[in-house]
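Student:
Protein chains: 2
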Amino acid sequence: MHISELDTPAILIDLDIMERNLQRTAEYARTHGLRLRPHTKTHKIPALGRQQLELGAAGLSVAKTTEAEVMLCSGVRDLLVAYPVVGRQKLERLCQVARKADVTIAVDSLAVARPIAEAAQAAGVEIGLLAEMDAGLHRVGVLPGNDLLTLVQGLVRLPAVRWKGVAFYPGHIKDTSETGLAELDVLRRLVAEAIGHLRKNGFAPEIVSGGSTPLLWESHTVPEVNEIRPGTYIFNDRNTVLSGACTREDCAATIMTTVVSVAPGRVIIDGGSKTFSSDRLSNSTEVTFGEIEGHPGSSFHKMNEEHGFVKLPNGPGEFNIGDRVRVIPNHICVAMNLHEQVYGIRGGRVVETWRVEGRGKLQ
Amino acid sequence: MHISELDTPAILIDLDIMERNLQRTAEYARTHGLRLRPHTKTHKIPALGRQQLELGAAGLSVAKTTEAEVMLCSGVRDLLVAYPVVGRQKLERLCQVARKADVTIAVDSLAVARPIAEAAQAAGVEIGLLAEMDAGLHRVGVLPGNDLLTLVQGLVRLPAVRWKGVAFYPGHIKDTSETGLAELDVLRRLVAEAIGHLRKNGFAPEIVSGGSTPLLWESHTVPEVNEIRPGTYIFNDRNTVLSGACTREDCAATIMTTVVSVAPGRVIIDGGSKTFSSDRLSNSTEVTFGEIEGHPGSSFHKMNEEHGFVKLPNGPGEFNIGDRVRVIPNHICVAMNLHEQVYGIRGGRVVETWRVEGRGKLQ
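Chain order of the listed sequences is E and G. Letter by letter, the first sequence follows residues 102 to 464 in our numbering. Letter by letter, the second sequence follows residues 102 to 464 in our numbering.
1) What residue from G:193, G:203, G:189 and G:192 has the CA that sits closest to residue 173 (chain G)'s CA?
2) What's the C-alpha gap between residue 318 (chain E) and residue 194 (chain E)?
3) What does residue 378 (chain E) touch in chain G if you count any residue whose Cβ is under 8 angstroms from its own?
4) Suppose contacts are defined by Cβ-Cβ distances below 8 angstroms. Is residue 316 (chain E) in contact with residue 306 (chain E) by that definition?
5) Can you tell me which of the three DSSP states residue 456 (chain G) falls into?
6) Measure from the alpha carbon of residue 330 (chain E) to the alpha carbon of each residue in E:108, E:120 and E:139, then state which is nearest.
7) Does any CB atom of chain E fall closer than 8 angstroms to the CB of residue 190 (chain G)?
8) Cα separation between residue 108 (chain G) and residue 464 (chain E)?
9) How far does the alpha helix (DSSP H) with residue 439 (chain E) in it extend, from its first residue to its last?
10) Quick one: list the residues of chain G neighbouring residue 336 (chain E), beta-carbon separation under 7 angstroms, in chain order.
11) Select from the stretch 416-450 of chain G all residues with a C-beta closer than 8 angstroms to any C-beta belonging to chain E, and list them in chain order.
12) I want to see whether chain E comes within less than 8 angstroms of residue 369 (chain G), judged by CB atoms only; does it?
13) Residues of chain E with CB under 9 angstroms from residue 214 (chain G), in chain order?
14) In chain order, what residues of the same chain lie with their CB nearer than 7 angstroms to the CB of residue 192 (chain E), ignoring the 5 residues before and after it?
15) Cβ of residue 359 (chain G) less than 8 angstroms from any chain E Cβ?
16) Is residue 315 (chain G) close to chain E, meaning its C-beta is less than 8 angstroms from at least one C-beta of that chain?
17) Which residues in the same chain have their Cβ closer than 7 angstroms to the Cβ of residue 385 (chain G), if we skip the five residues on either side of it in sequence?
18) Quick one: what does DSSP say residue 175 (chain E) is sitting in, helix, strand or coil?
19) Using a C-beta cutoff of 8 angstroms, does residue 241 (chain G) count as contacting chain B?
20) Ignore the nearest five residues each way along the sequence and tell me which others in residue 118 (chain G)'s own chain have a CB closer than 6 angstroms to its CB.
21) Kindly indicate which three-state DSSP category residue 286 (chain G) falls into: helix, strand or coil?
22) So which residues of chain E does residue 164 (chain G) contact, with C-beta pairs closer than 8 angstroms?
23) Please list, in chain order, the chain E residues whose beta carbon lies closer than 8 angstroms to that of residue 187 (chain G).
24) Hey, how far is the Cα of residue 226 (chain E) from the Cα of residue 260 (chain E)?
25) Does the beta-carbon of residue 282 (chain E) have 16 or more other beta-carbons within 10 angstroms, so that it is buried, or is it exposed?
26) Please name the residues in the stretch 243-257 of chain G whose beta-carbon is closer than 7 angstroms to at least one beta-carbon of chain E, in chain order.
27) So what does DSSP say about residue 357 (chain E), is it helix, strand or coil?
28) Can you give me the C-alpha to C-alpha distance between residue 303 (chain E) and residue 267 (chain E), rounded to a whole angstrom?
29) What residue range does the beta strand (DSSP E) around residue 213 (chain G) cover?
30) Measure the alpha-carbon distance for residue 159 (chain E) versus residue 126 (chain G) and round it to whole angstroms.
31) Could you please give the first and the last residue of the uninterrupted beta strand (DSSP E) stretch that includes residue 391 (chain G)?
32) Less than 8 angstroms between the C-beta atoms of residue 444 (chain G) and residue 451 (chain G), yes or no?
33) Once DSSP output is grouped into helix, strand and coil, what is the label at residue 301 (chain E)?
34) Please classify residue 432 (chain G) as buried or exposed, where buried requires at least 16 other C-beta atoms within 10 Å of its C-beta.
35) Would you list, in sequence order, the uninterrupted beta strand (DSSP E) runs of no fewer than 3 residues that lie entirely inside the stretch 251-278 of chain G?
36) Residue 141 (chain G) and residue 163 (chain G) - do their beta-carbons sit closer together than 8 angstroms?
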């Protein structure tokens with residue numbers, strides 16, 4: 102089927118670009134001796150998790166218990182839940198997952214870790230734990246130094262769990278601009294000191310897990326890090342381009358829409374916040390929601406749920422009702438979460454249809 | 102089941118508040134002789150569409166073909182697709198819907214209307230058409246005056262469709278502040294002149310359909326309007342409160358989350374952009390994503406996909422890991438679209454579980 106036969110809006114994945122992104126990252130990790138544990142929240146598709154594993158990924162990352170359940174179908178043997186799992190139902194379900202794959206959870210408090218240990222003990226499984234460290238994002242994680250040491254000292258005493266190392270997420274570093282590189286230098290010192298402090302006190306982490314897509318190619322320069330968890334790199338998006346970690350030609354995912362209304366100086370496309378999400382650019386003050394391929398002067402500057410507002414520099418003659426318009430989204434992960442299925446394409450033809458199995462998994 | 106037994110994040114609908122919102126609006130419409138045609142994009146649940154019809158709604162509104170298919174289960178006899186439907190697949194499906202209910206589509210060009218007429222003719226059904234007028238939002242719609250007249254003159258000549266009137270959406274008026282009231286005055290004149298111009302030229306609209314939730318209680322003051330299409334009023338949200346159309350006590354929907362990380366001055370809740378959407382407030386420059394019930398000093402100021410960042414005025418003692426926190430969202434319609442199911446509650450007990458049947462319907 103040609104892509105022109107698809108109804109819109111629809112997410113198209115250029116498989117040649119996606120495979121190049123997967124291979125390039127797998128090779129980078131291999132070259133630098135880093136375990137690659139892709140975060141599957143970007144694609145949410147077990148078949149793509151399987152491709153990552155076949156290319157040498159050491160395991161997969163997920164954010165939620167329900168995502169872990171879905172991702173079992175990839176054949177994964179080693180799952181990291183990169184989120185503090187809180188709540189009886191979630192823990193009972195995760196212990197079921199732990200019968201089929203090794204499960205590790207990143208935690209930042211004993212208040213979170215204790216119920217995990219109790220649930221694991223009750224279910225007769227072992228759960229791995231990483232101590233989550235705040236590397237500057239101030240989201241989750243304890244401060245490096247004594248707080249991290251105290252957390253690790255608590256974790257190793259718990260039954261039915263195994264402390265495996267340290268995790269952090271450098272999401273506060275958005276790019277490798279001068280500012281970004283200065284922040285990266287701070288990060289390098291912080292990680293080296295934090296892990297050094299643990300070692301000095303007799304706690305040698307087996308895993309030091311960091312890394313994000315914007316900092317992907319700098320991962321090997323952060324001391325002690327031996328595992329990386331990029332997610333977006335499989336598709337890339339406008340945020341990744343702006344971060345400097347890829348070029349526009351590395352963006353595998355576009356959202357195909359249709360022009361439904363034309364007026365002087367503007368058109369409306371049939372995708373808005375329900376199609377793209379309302380995420381703004383993460384490292385720019387510019388308020389735009391995507392880049393229209395082939396129309397560099399246009400500006401996708403506003404959206405309602407079903408309407409994308411596109412300003413045109415060249416008057417309305419540029420577009421007609423029914424024209425198909427492909428848009429590179431700001432943030433592909435949240436867009437994937439809005440679509441029931443996505444289409445893998447090669448040379449304008451649809452060659453794969455994937456259900457986004459992990460879409461809408463909130464718990 | 103008590104709500105404390107639900108896993109989080111979860112949308113809770115307080116049924117007493119929802120029913121009061123439904124009844125109040127139904128009574129307002131009745132009192133002022135307005136046909137009420139609720140926009141179901143807010144709830145996306147056929148059972149709630151049925152409640153609206155039972156309370157006297159003249160029909161229902163949807164935005165998409167697939168939403169129309171879903172909403173047939175409400176028993177609706179009269180469906181308005183308040184969106185320019187473009188594309189062969191959508192039109193073929195909508196003609197199937199038109200065998201089961203009266204279907205009307207709001208269009209703003211003959212380029213959109215002609216294929217609708219052709220599809221209706223081919224399928225042997227009749228489709229109603231409203232001429233969409235731009236009342237100031239500059240989204241879809243032709244300009245009032247001669248452009249509107251020309252559109253109507255074109256519509257009445259098409260086969261297999263019936264021109265029924267005029268639609269507009271006053272989404273540019275966000276509230277009834279001084280500015281809003283001045284804009285409302287402009288709107289009143291605009292609508293009166295536009296419809297007057299049509300009548301003078303021999304085109305008397307059967308339906309003049311306008312209205313939104315922020316302007317709900319002013320609908321009867323806009324001349325010629327005989328149908329209103331509010332959506333959000335069934336639940337209300339922070340945007341509705343800020344618009345002045347309701348109070349906080351009229352917000353039926355809250356999103357229940359769990360505290361998963363606690364640090365000095367902040368907590369992280371287990372809901373972010375995948376739970377709430379990243380919609381900012383529509384009529385404020387304040388960057389917050391919800392209001393935490395019972396914690397007026399807190400600020401839900403930032404989110405990632407699974408993390409809600411909440412700043413605290415009173416230090417970390419206010420919250421503990423595992424605490425349940427209920428949040429009034431900025432925009433309930435986009436949040437509903439992210440949840441597979443939602444829970445109807447009375448007095449802390451779950452009495453209804455509804456699948457959000459219209460969730461993720463993009464085409």
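Where is the CB? At the ideal position from N, CA and C, for every residue including glycine. In this text the structure is predicted, and so the values were computed from the model without any measurement.
Tutor: According to the structure shown:
1) When only C-alpha atoms are compared, the closest one is G:203.
2) Residue 318 (chain E) and residue 194 (chain E) have their C-alpha atoms some 35 angstroms from each other.
3) Below the 8 angstroms Cβ cutoff, chain G contributes 374, 378 and 379 as neighbours of residue 378 (chain E), in chain order.
4) Judged by their CB atoms, residue 316 (chain E) and residue 306 (chain E) are not nearer to each other than the 8 angstroms cut-off.
5) The answer is strand: DSSP assigns residue 456 (chain G) an E or B state.
6) The shortest CA-to-CA distance from residue 330 (chain E) to any of E:108, E:120 and E:139 is the one to E:139.
7) Closer than 8 angstroms to some Cβ of chain E, the Cβ of residue 190 (chain G) qualifies, so yes.
8) Straight-line Cα distance between these residues: approximately 7 angstroms.
9) No alpha helix (DSSP H) contains residue 439 (chain E), which DSSP labels as neither H nor E.
10) What residue 336 (chain E) touches in chain G: nothing, since even the nearest Cβ is about 15 angstroms away.
11) Residues of the stretch 416-450 of chain G with a C-beta less than 8 angstroms from any C-beta of chain E: 421, 422, 423, 434, 435, 438, 439, 440 and 441, listed in chain order.
12) Interface criterion met: the Cβ of residue 369 (chain G) is under 8 angstroms from a Cβ in chain E.
13) Around residue 214 (chain G), no beta-carbon contact reaches into chain E at under 9 angstroms, the shortest distance being about 10 angstroms.
14) Here the set comprises 186, 216, 217 and 220.
15) Using a Cβ-Cβ cut-off of 8 angstroms, residue 359 (chain G) counts as an interface residue toward chain E, since at least one Cβ of chain E sits closer than that to its own.
16) So, not an interface residue.
17) Answer for residue 385 (chain G): 343, listed in chain order.
18) Residue 175 (chain E) falls in the helix class under three-state DSSP.
19) In the displayed structure, chain B is absent; the protein chains listed are E and G.
20) Excluding sequence neighbours, residue 118 (chain G) sits near 353.
21) Residue 286 (chain G) falls in the helix class under three-state DSSP.
22) Under the 8 angstroms cutoff, chain E gives 406 and 407.
23) Within 8 angstroms Cβ-Cβ: 359, 360, 361, 371, 422 and 423.
24) When rounded, the distance between both Cα atoms is 10 angstroms.
25) Here residue 282 (chain E) is exposed. Its C-beta has fewer than 16 other C-beta atoms within 10 Å.
26) In summary, no residue of the stretch 243-257 of chain G has a CB separated from any CB of chain E by less than 7 angstroms.
27) If DSSP states are grouped into helix, strand and coil, residue 357 (chain E) belongs with the strands.
28) Those two C-alpha atoms are separated by around 14 angstroms.
29) No beta strand (DSSP E) holds residue 213 (chain G); the alpha helix (DSSP H) holding it covers 211-224.
30) When rounded, the distance between both Cα atoms is 57 angstroms.
31) Here the beta strand (DSSP E) through residue 391 (chain G) covers 391-393.
32) Taking 8 angstroms as the cut-off, the beta carbon of residue 444 (chain G) is found closer than this to the beta carbon of residue 451 (chain G).
33) Here residue 301 (chain E) sits in helix by DSSP.
34) Buried: at least 16 other Cβ atoms inside 10 Å.
35) Fully enclosed beta strand (DSSP E) runs of 3 or longer: 262-268.
36) When the beta-carbon positions are compared, residue 163 (chain G) and residue 141 (chain G) come within less than 8 angstroms of each other.
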